[in-house]
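These notes concern the structure reproduced below.
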Amino acid sequence: MTKHRQHIFVRLHRWRLKHLGERGFLTVLSIIIGVLSGIAAVVLKNTVRFTEEMVHNLVANEVQNYIYFALPVVGIFLAILVIKYIVRSEVRHGIPNVLYSISKRKGKISRHNLFSSVVTASLTVGFGGSVGLEGPTVATGTAWGSWIASIFRLNYKNTILMLACACAGAMAAIFKAPIAAIVFAVEVIMIDLTVFSLVPLLLASSTAVVTSYLFLGQDVLYPFNVVDAFELGDLPFYIALGAVTGFVSVYFTKMYLFVADIFEKLKSSRIRLLAGGAGLGALIFLFPSLYGEGYESINECLAGDLNYLFDNSFFYSLREELWAAMLLIVAVILLKIVATSLTFGAGGVGGIFAPTLFMGVNTGMLFSLLINRLGIRDLNSNNFALIGMAGLIAGVLHAPLTGIFLIADISGGYKLFVPLMVTATFAYLIVRAFTPNSVYHIQLARRKELLTHDKDANVLQLMQVKNLIETDFEVLSPDATLRDLTEAITRGHRDLFPVVKNDGTMVGMVKMDDVRTMIFNHELYDTVKISELMYMPEFSIDPNDSMEIVTAKFESSGRYNLAVIEEGKYIGFISRARVFTRYRKQIIDVSHV
Numbered sequence: 003m004t005k006h007r008q009h010i011f012v013r014l015h016r017w018r019l020k021h022l023g024e025r026g027f028l029t030v031l032s033i034i035i036g037v038l039s040g041i042a043a044v045v046l047k048n049t050v051r052f053t054e055e056m057v058h059n060l061v062a063n064e065v066q067n068y069i070y071f072a073l074p075v076v077g078i079f080l081a082i083l084v085i086k087y088i089v090r091s092e093v094r095h096g097i098p099n100v101l102y103s104i105s106k107r108k109g110k111i112s113r114h115n116l117f118s119s120v121v122t123a124s125l126t127v128g129f130g131g132s133v134g135l136e137g138p139t140v141a142t143g144t145a146w147g148s149w150i151a152s153i154f155r156l157n158y159k160n161t162i163l164m165l166a167c168a169c170a171g172a173m174a175a176i177f178k179a180p181i182a183a184i185v186f187a188v189e190v191i192m193i194d195l196t197v198f199s200l201v202p203l204l205l206a207s208s209t210a211v212v213t214s215y216l217f218l219g220q221d222v223l224y225p226f227n228v229v230d231a232f233e234l235g236d237l238p239f240y241i242a243l244g245a246v247t248g249f250v251s252v253y254f255t256k257m258y259l260f261v262a263d264i265f266e267k268l269k270s271s272r273i274r275l276l277a278g279g280a281g282l283g284a285l286i287f288l289f290p291s292l293y294g295e296g297y298e299s300i301n302e303c304l305a306g307d308l309n310y311l312f313d314n315s316f317f318y319s320l321r322e323e324l325w326a327a328m329l330l331i332v333a334v335i336l337l338k339i340v341a342t343s344l345t346f347g348a349g350g351v352g353g354i355f356a357p358t359l360f361m362g363v364n365t366g367m368l369f370s371l372l373i374n375r376l377g378i379r380d381l382n383s384n385n386f387a388l389i390g391m392a393g394l395i396a397g398v399l400h401a402p403l404t405g406i407f408l409i410a411d412i413s414g415g416y417k418l419f420v421p422l423m424v425t426a427t428f429a430y431l432i433v434r435a436f437t438p439n440s441v442y443h444i445q446l447a448r449r450k451e452l453l454t455h456d457k458d459a460n461v462l463q464l465m466q467v468k469n470l471i472e473t474d475f476e477v478l479s480p481d482a483t484l485r486d487l488t489e490a491i492t493r494g495h496r497d498l499f500p501v502v503k504n505d506g507t508m509v510g511m512v513k514m515d516d517v518r519t520m521i522f523n524h525e526l527y528d529t530v531k532i533s534e535l536m537y538m539p540e541f542s543i544d545p546n547d548s549m550e551i552v553t554a555k556f557e558s559s560g561r562y563n564l565a566v567i568e569e570g571k572y573i574g575f576i577s578r579a580r581v582f583t584r585y586r587k588q589i590i591d592v593s594h595v
């Protein structure tokens, strides 16, 4: 930042401190962030649309479907080139990146995310990568929120509030669903919803959706007309649909992680690109409905038109056969997450919201067609296709409220609110029994980097062992005598004395209470060795231990000080009092008023 710009921000900061209180200033910032998040969504949508049109115009007269075998890998390859030679830094997946920054970086998001997700996601999706745009939109919006928070030097709790506002704004703009966006910020980003935080979230979400309306129009994302309202007799089938979407969500999560683990073992980016690109191209060639985000296919399914399953495919001649349509629906449900995982594994950038919706609408449609075919009950397939999307969102994202409000918002289907609630709830209950964390959270949870709605656990997560280590202890050699210990007592102000070899290895420690009577017997000063007085503590702390482990060790040991030892080397001590003091300070920092 230039000196001139710094001067402007300093003057603005001073004016703010003089004329605006904290709450008023955060209110203003939430509106600004809402506008920026809305613009980010508009830019990303239009960039993808432009890329798609350019690609289709270039290949319109080419070798028919065969060109679509190669298009996704071309887009991913271009995205990799941008990351390697322009961004020169890893472009993380949007929402997990936000969660990681909250957990480990105090809300700081790399500056390249201001533009990198827009460019790389446009190339990935525009060329047919089987992912969505929601994650990159959130990544871009929250990067702007983080940047603004850093400019005005907001504290941790206000920085996180700005990230939540940006996340809500991005989701509101991309889906035109302002209420669902706020619910998403609370459920997935896991911000504490307080009376004060609700106001900035409302303003950011509404401002972002108005921005989206100005540039993208006010049409809902999935036009849906509720012809048959909810009937009480359909309730058992909505419950059953919830169970089915719950198990499909479990499959989604397990398959996503399975493919991700395979690609993590491939060290070469070239091999990952070739393997992922070839697999993705083959799937799209066989099942063209897996191409791109799949929004057009979702709208066709909601309208009861299943031609998207057969268009440009080898199975076109079977388009009039219901059994063929049902088999193809099974195939695309099972293979959509594979195509999405291959896109990510090859190096593409995108989100999982669109694949989740795609699998949900097809699951709901298949469920209703099967019930109707068996003659059990005559169900409205379009309604069940719509409700299926809520079930998958509730299951895959572990966000039942988001599923309910998002589907109601983006489709205008509030007349089906009760079945939305029923299906989303049962899907969530099923998936929680098998996968305790969502796709967004599971990898962070594996690394113990995940914050939750448990404020106590969050505070411990944010505390770091290295910041609690005290080193002002007098260190003794194993060859030292009682005289050396008395001199150390005179110099120091601690009642613990670590015994450390020349190479830094800790071999024991001496407590003041154990030698209190001996230090007054001068005859023992040169005859008693420290090696005779020391003991090796039963409990010690490794610098890589989590704070939950540290607090558990304090509770188990009953000690007030524990040694920090790394691979046998002495580092220092951590005191119970210091942990408690830091905990109190941290809980104040993260609490919203």
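When you number the sequence shown by the working numbering, it's gap-free, plus one each residue, and the end is 595.
Each residue gets a CB set at the ideal place from its N, CA and C atoms; glycine is no exception.
For the beta strand (DSSP E) holding Val190, just list the boundary residues, first then last.
Here residue 190 corresponds to residue number 188 of the sequence shown, with the count starting at 1. For Val190, there is no enclosing beta strand (DSSP E), as DSSP marks it with neither H nor E.
On the CB-based measure, 16 or more other CB atoms within 10 Å of its CB, does Val229 come out buried or exposed?
Mapped onto the sequence shown, residue 229 falls at position 227. Answer is exposed; the Cβ neighbour count stays below 16.
At least 3 beta-carbon pairs within less than 8 Å: the stretch 398-405 vs the stretch 198-216:
no
Does the Cβ of Lys338 have 16 or more other Cβ atoms within 10 Å, making it buried, or fewer, making it exposed?
The count along the sequence shown starts at 1 and reaches residue 338 at position 336. Per the 10 Å Cβ criterion, buried.
Of the residues Cys169, Ala166, Gly109 and Val127, which one's Cα is nearest the Cα of Arg155?
If you number the sequence shown from 1, residue 155 lands on position 153. Across the set Cys169, Ala166, Gly109 and Val127, the C-alpha of Gly109 shows the shortest separation from the C-alpha of Arg155.
With DSSP collapsed to three states, give me the class of Phe499.
As a working note, residue 499 is residue 497 in the sequence shown. DSSP, read as helix, strand or coil, puts Phe499 in strand.
Straight-line gap, His594 to Ser315 (C-alpha atoms, nearest Å)
Residue mapping note: residue 594 aligns to position 592 of the sequence shown, counting from 1. Residue mapping note: residue 315 aligns to position 313 of the sequence shown, counting from 1. For His594, the predicted structure reports a pLDDT of 49, less than 50, and the residue's modelled location is therefore unreliable. The matter cannot be settled from this model.
The beta strand (DSSP E) enclosing Asn563, as first and last residue numbers:
By one-based count along the sequence shown, residue 563 stands at place 561. Segment Asn563 to Glu568, the beta strand (DSSP E) holding Asn563.
Top-ranked residue by Cα proximity to Lys417, from Phe232, Thr126 and Ala172
The count along the sequence shown starts at 1 and reaches residue 417 at position 415. The shortest Cα separation from Lys417 among Phe232, Thr126 and Ala172 belongs to Phe232.
Between the C-alpha atoms of Gly574 and Gly510, what's the straight-line distance to the nearest angstrom?
Numbered from 1 along the sequence shown, position 572 holds the residue referred to as residue 574. Numbered from 1 along the sequence shown, position 508 holds the residue referred to as residue 510. Cα-Cα distance, rounded: 13 Å.
For Asp486, I'd like the list of residues in its chain whose CB is within less than 8 Å of its CB, leaving aside the five on either flank, ordered along the chain.
Counting from one through the sequence shown, the residue named residue 486 turns up at place 484. Around Asp486: Leu478, Ser479 and Ile532.
In chain order, what residues of the same chain have a beta carbon less than 7 Å from the beta carbon of Met164, not counting five sequence neighbours either side?
The residue you call residue 164 lines up with position 162 of the sequence shown. These residues qualify, in order along the chain: Leu31, Ile35, Gly147, Ile150, Ala151 and Leu156.
Helix, strand or coil, according to DSSP, for Phe360 in the structure here?
Within the sequence shown, residue 360 is the residue found at index 358, counting from 1. Looking at Phe360 - three-state DSSP - the assignment turns out to be helix.
Given this structure, state the Cα-to-Cα distance separating Leu22 from Val501, to the nearest angstrom.
Position 20 of the sequence shown holds residue 22. Position 499 of the sequence shown holds residue 501. Looking at the backbone, the Cα of Leu22 and that of Val501 are separated by about 56 Å.
On the three-state DSSP scale, how would you describe Val595?
Walking along the sequence shown from the start, residue 595 turns up at place 593. Since pLDDT at Val595 reaches only 42, below the 50 mark, its modelled position is unreliable, and no value is offered.
Three-state class that DSSP yields for Leu268 in the structure shown:
Residue 268 sits at position 266 when you count from the first residue of the sequence shown. In this structure, Leu268 counts as coil in the three-state DSSP scheme.
Nearest residue (CA-CA) to Leu344, options Asp263, Gly560, Glu323 and Glu476:
On the sequence shown, residue 344 is found 342 positions in, with the first residue counted as 1. Cα-wise, what sits closest to Leu344 is Asp263.
Count the other CB atoms, across all protein chains shown, that sit within 10 Å of the CB of Val50; report buried if there are 16 or more and exposed otherwise.
Within the sequence shown, residue 50 is the residue found at index 48, counting from 1. That one is buried.
From the DSSP output, in three-state form, read off Asn470 for me.
Working through the sequence shown from its first residue, we reach residue 470 at position 468. Sequence inspection shows Leu at residue 470; the Asn mentioned does not correspond to that position. In this structure, Leu470 counts as coil in the three-state DSSP scheme.
Flag this pair as touching only if the stretch 281-294 and the stretch 429-438 have three or more C-beta atom pairs under 8 Å; answer yes or no.
no
Lys338 by DSSP, collapsed to three states: which one?
As a first step, residue 338 is located in the sequence shown; it is residue number 336 there, counting from the start. Note: Lys338 maps to helix in three-state DSSP.
Mind checking whether Glu189 and Thr404 have CB atoms under 7 Å apart?
As a first step, residue 189 must be located in the sequence shown, where it is residue number 187. As a first step, residue 404 must be located in the sequence shown, where it is residue number 402. Contact: yes.
In three-state DSSP terms, what is Tyr102?
The residue you call residue 102 lines up with position 100 of the sequence shown. Tyr102 falls in the helix class under three-state DSSP.
If you run the structure through DSSP and keep just helix, strand and coil, what is Ile354?
Position 352 of the sequence shown, counted from the first residue, corresponds to residue 354. Coil, per DSSP.
So Glu302 and Tyr310 are supposed to be a Cβ contact under 8 Å. How far apart are they, rounded?
Here residue 302 corresponds to residue number 300 of the sequence shown, with the count starting at 1. Here residue 310 corresponds to residue number 308 of the sequence shown, with the count starting at 1. Glu302 to Tyr310, Cβ: 5 Å. Contact.
What do you reckon, are the CB atoms on Leu205 and Ile33 nearer than 7 Å?
For the purposes of this step, residue 205 is identified with residue 203 of the sequence shown, where counting begins at 1. For the purposes of this step, residue 33 is identified with residue 31 of the sequence shown, where counting begins at 1. Yes; because the gap between Cβ atoms is below 7 Å, this pair is in contact.
CA nearest to the CA of Ser207, picked from His443, Ile241 and Thr144
Counted from its first residue, the sequence shown places residue 207 at position 205. Closest option to Ser207, Cα to Cα, is Thr144.
Can the beta-carbon of Gly362 be found less than 7 Å from the beta-carbon of Leu394?
For the purposes of this step, residue 362 is identified with residue 360 of the sequence shown, where counting begins at 1. For the purposes of this step, residue 394 is identified with residue 392 of the sequence shown, where counting begins at 1. Against a cut-off of 7 Å, the Cβ pair of Leu394 and Gly362 comes out as a contact.
Phe475 beta carbon less than 7 Å from that of Gln244
Here residue 244 refers to the residue found at position 242 when the sequence shown is read from its first residue. Here residue 475 refers to the residue found at position 473 when the sequence shown is read from its first residue. Note that residue 244 is Gly in the sequence shown, not Gln. It is not a contact, given that the beta carbons lie outside the stated cut-off.
Residue of Gly281, Ile543 and Ile412 minimising C-alpha distance to Ser559:
Counted from its first residue, the sequence shown places residue 559 at position 557. For the residues Gly281, Ile543 and Ile412, the minimum Cα distance to Ser559 belongs to Ile543.
Check the C-beta distance from Phe177 over to Leu408 and give it rounded, since I have them as a contact under 8 Å.
Start at 1 with the first residue of the sequence shown, and residue 177 comes out as number 175. Start at 1 with the first residue of the sequence shown, and residue 408 comes out as number 406. Contact holds; Cβ gap of about 6 Å.
Going by DSSP, which residues form a beta bridge with Lys108?
Counting from one through the sequence shown, the residue named residue 108 turns up at place 106. Beta-bridge pairing links Lys108 to no other residue.
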